[in-house]
Amino acid sequence: MDSLGPALRALRQASGRTVASVAADAGLSVPYIANLENGRGNPTTGALARLAGALGTELRISFGGGEESAPVPVPPSLVRVRRSERFRRVVDELGADPADVVAALAAVGAVVEAGEQDWWRVLDAMVLIARHPV
(Lines of atoms letter the chains of each structure in order from A and count residues from 1; the text may use other names and numbers.)
(Lines give C-alpha, C1' and ligand atoms only; values in the text may rest on other atoms or scores of the structure.)
Protein backbone atom coordinates (compact mmCIF):
# COMPACT_ATOMS: atom_id res chain seq x y z
CA MET A 1 0.00 0.00 0.00
CA ASP A 2 2.91 2.40 0.62
CA SER A 3 3.72 2.56 -3.08
CA LEU A 4 0.14 3.15 -4.24
CA GLY A 5 0.21 6.94 -3.93
CA PRO A 6 3.50 7.49 -5.79
CA ALA A 7 2.51 4.92 -8.43
CA LEU A 8 -0.84 6.59 -8.99
CA ARG A 9 0.74 10.05 -9.22
CA ALA A 10 3.46 8.79 -11.60
CA LEU A 11 0.87 7.19 -13.90
CA ARG A 12 -1.25 10.32 -13.90
CA GLN A 13 1.68 12.64 -14.54
CA ALA A 14 3.13 10.38 -17.22
CA SER A 15 -0.15 10.59 -19.07
CA GLY A 16 -0.14 14.39 -18.73
CA ARG A 17 -3.44 14.38 -16.89
CA THR A 18 -4.73 16.51 -14.05
CA VAL A 19 -6.31 15.05 -10.93
CA ALA A 20 -9.61 16.62 -12.01
CA SER A 21 -9.61 14.98 -15.46
CA VAL A 22 -8.80 11.56 -13.99
CA ALA A 23 -11.47 12.02 -11.33
CA ALA A 24 -14.07 12.87 -13.97
CA ASP A 25 -13.18 9.84 -16.10
CA ALA A 26 -13.12 7.50 -13.09
CA GLY A 27 -16.30 8.86 -11.54
CA LEU A 28 -14.46 9.70 -8.32
CA SER A 29 -13.93 12.96 -6.46
CA VAL A 30 -10.82 15.11 -6.79
CA PRO A 31 -10.15 15.04 -3.00
CA TYR A 32 -10.46 11.24 -3.00
CA ILE A 33 -7.78 10.85 -5.68
CA ALA A 34 -5.58 13.56 -4.15
CA ASN A 35 -5.72 11.76 -0.82
CA LEU A 36 -4.75 8.47 -2.45
CA GLU A 37 -1.80 10.13 -4.19
CA ASN A 38 -0.70 11.54 -0.83
CA GLY A 39 -0.83 8.15 0.87
CA ARG A 40 -4.13 8.63 2.66
CA GLY A 41 -7.33 6.68 2.29
CA ASN A 42 -8.33 3.08 1.90
CA PRO A 43 -9.52 2.53 -1.67
CA THR A 44 -11.75 -0.30 -2.74
CA THR A 45 -10.70 -2.56 -5.60
CA GLY A 46 -13.61 -1.12 -7.57
CA ALA A 47 -12.26 2.41 -7.17
CA LEU A 48 -8.77 1.25 -8.12
CA ALA A 49 -10.13 -0.51 -11.21
CA ARG A 50 -11.95 2.68 -12.26
CA LEU A 51 -8.76 4.69 -11.72
CA ALA A 52 -6.76 2.22 -13.79
CA GLY A 53 -9.31 2.45 -16.59
CA ALA A 54 -9.27 6.24 -16.49
CA LEU A 55 -5.47 6.15 -16.75
CA GLY A 56 -5.51 3.69 -19.64
CA THR A 57 -3.97 0.80 -17.76
CA GLU A 58 -5.18 -2.28 -15.92
CA LEU A 59 -5.38 -3.10 -12.24
CA ARG A 60 -3.06 -5.90 -11.11
CA ILE A 61 -2.99 -7.14 -7.55
CA SER A 62 -0.19 -9.36 -6.30
CA PHE A 63 0.66 -10.79 -2.94
CA GLY A 64 4.35 -10.78 -2.05
CA GLY A 65 7.16 -12.40 -3.94
CA GLY A 66 7.50 -9.65 -6.51
CA GLU A 67 10.28 -7.15 -6.44
CA GLU A 68 8.74 -4.49 -8.64
CA SER A 69 10.36 -1.13 -8.31
CA ALA A 70 8.30 1.94 -7.58
CA PRO A 71 7.64 4.20 -10.58
CA VAL A 72 10.14 6.97 -11.09
CA PRO A 73 8.67 10.40 -10.22
CA VAL A 74 8.14 12.68 -13.21
CA PRO A 75 10.06 15.96 -12.85
CA PRO A 76 7.93 19.12 -13.15
CA SER A 77 9.91 20.26 -16.21
CA LEU A 78 9.00 17.01 -17.97
CA VAL A 79 5.34 17.41 -17.01
CA ARG A 80 5.36 20.81 -18.78
CA VAL A 81 6.96 19.26 -21.86
CA ARG A 82 4.42 16.42 -21.84
CA ARG A 83 1.53 18.86 -21.99
CA SER A 84 2.73 20.57 -25.17
CA GLU A 85 1.49 20.09 -28.71
CA ARG A 86 5.09 19.66 -29.84
CA PHE A 87 5.44 16.63 -27.54
CA ARG A 88 2.30 15.09 -29.06
CA ARG A 89 3.71 15.58 -32.57
CA VAL A 90 7.05 14.02 -31.63
CA VAL A 91 5.40 11.01 -30.01
CA ASP A 92 3.15 10.56 -33.05
CA GLU A 93 6.19 10.65 -35.30
CA LEU A 94 7.90 8.05 -33.13
CA GLY A 95 4.77 5.91 -33.13
CA ALA A 96 5.15 5.49 -29.39
CA ASP A 97 2.86 5.51 -26.37
CA PRO A 98 3.20 8.93 -24.66
CA ALA A 99 3.26 7.30 -21.21
CA ASP A 100 6.15 5.05 -22.29
CA VAL A 101 8.13 8.04 -23.60
CA VAL A 102 7.55 9.98 -20.37
CA ALA A 103 8.50 6.96 -18.24
CA ALA A 104 11.74 6.54 -20.23
CA LEU A 105 12.58 10.22 -19.91
CA ALA A 106 11.72 10.18 -16.20
CA ALA A 107 14.18 7.29 -15.76
CA VAL A 108 16.86 9.50 -17.33
CA GLY A 109 15.78 12.30 -14.99
CA ALA A 110 16.42 10.00 -12.03
CA VAL A 111 20.08 9.84 -13.03
CA VAL A 112 20.75 13.38 -14.28
CA GLU A 113 19.10 16.69 -13.54
CA ALA A 114 17.38 17.94 -16.68
CA GLY A 115 15.31 20.96 -17.65
CA GLU A 116 12.83 21.54 -20.44
CA GLN A 117 15.50 22.27 -23.06
CA ASP A 118 17.27 19.04 -22.13
CA TRP A 119 14.08 17.02 -22.65
CA TRP A 120 13.65 18.60 -26.08
CA ARG A 121 17.23 17.70 -27.00
CA VAL A 122 16.66 14.08 -26.01
CA LEU A 123 13.37 13.96 -27.91
CA ASP A 124 15.02 15.50 -31.00
CA ALA A 125 17.73 12.84 -30.78
CA MET A 126 15.06 10.12 -30.56
CA VAL A 127 13.40 11.48 -33.72
CA LEU A 128 16.73 11.53 -35.58
CA ILE A 129 17.43 7.94 -34.56
CA ALA A 130 13.92 6.88 -35.61
CA ARG A 131 14.30 8.60 -39.00
CA HIS A 132 17.75 7.18 -39.66
CA PRO A 133 18.01 3.71 -38.14
CA VAL A 134 21.23 1.77 -38.62
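The sequence shown lines up with residues 112 to 245 when you count with this note's numbering.
Glycine included, each C-beta is placed from N, C-alpha and C at the ideal position.
- Assignment of Arg151 by DSSP, reduced to helix, strand and coil, places it in the coil class.
- Secondary structure in the stretch 162-212: the alpha helix (DSSP H) runs of 4 residues or longer, each lying completely within the stretch, are 187-193, 196-205 in chain order.
- Between the stretch 156-170 and the stretch 185-196, the count of Cβ pairs shorter than 8 Å is below three; the stretches do not touch.
- Distance from the CA atom of Val238 to the CA atom of Glu204, rounded to whole angstroms, is 7 Å.
- Close CB contacts of Ala145 within its chain, under the 8 Å cut and outside five residues either way in sequence, are with Val130 (chain order).
- Contact between the stretch 134-142 and the stretch 154-167 is present, with at least three C-beta pairs closer than 8 Å.
- DSSP, read as helix, strand or coil, puts Glu224 in coil.
- Sixteen is the threshold: when 16 or more other Cβ atoms of the shown chains lie within 10 Å of the Cβ of Ser126, as they do, the residue is buried.
- No Cβ-Cβ contact shorter than 9 Å links Ala225 with Val185.
- Ala221 sits away from Leu122, with the two beta carbons spaced by 9 Å or more.
- If you compare the alpha carbons of His243, Arg242, Val212 with that of Trp230, the shortest gap goes to Val212.
- Taking C-beta separations shorter than 6 Å and ignoring five residues to either side along the sequence, the partners of Arg193 in its chain run Gly127, Val213, following chain order.
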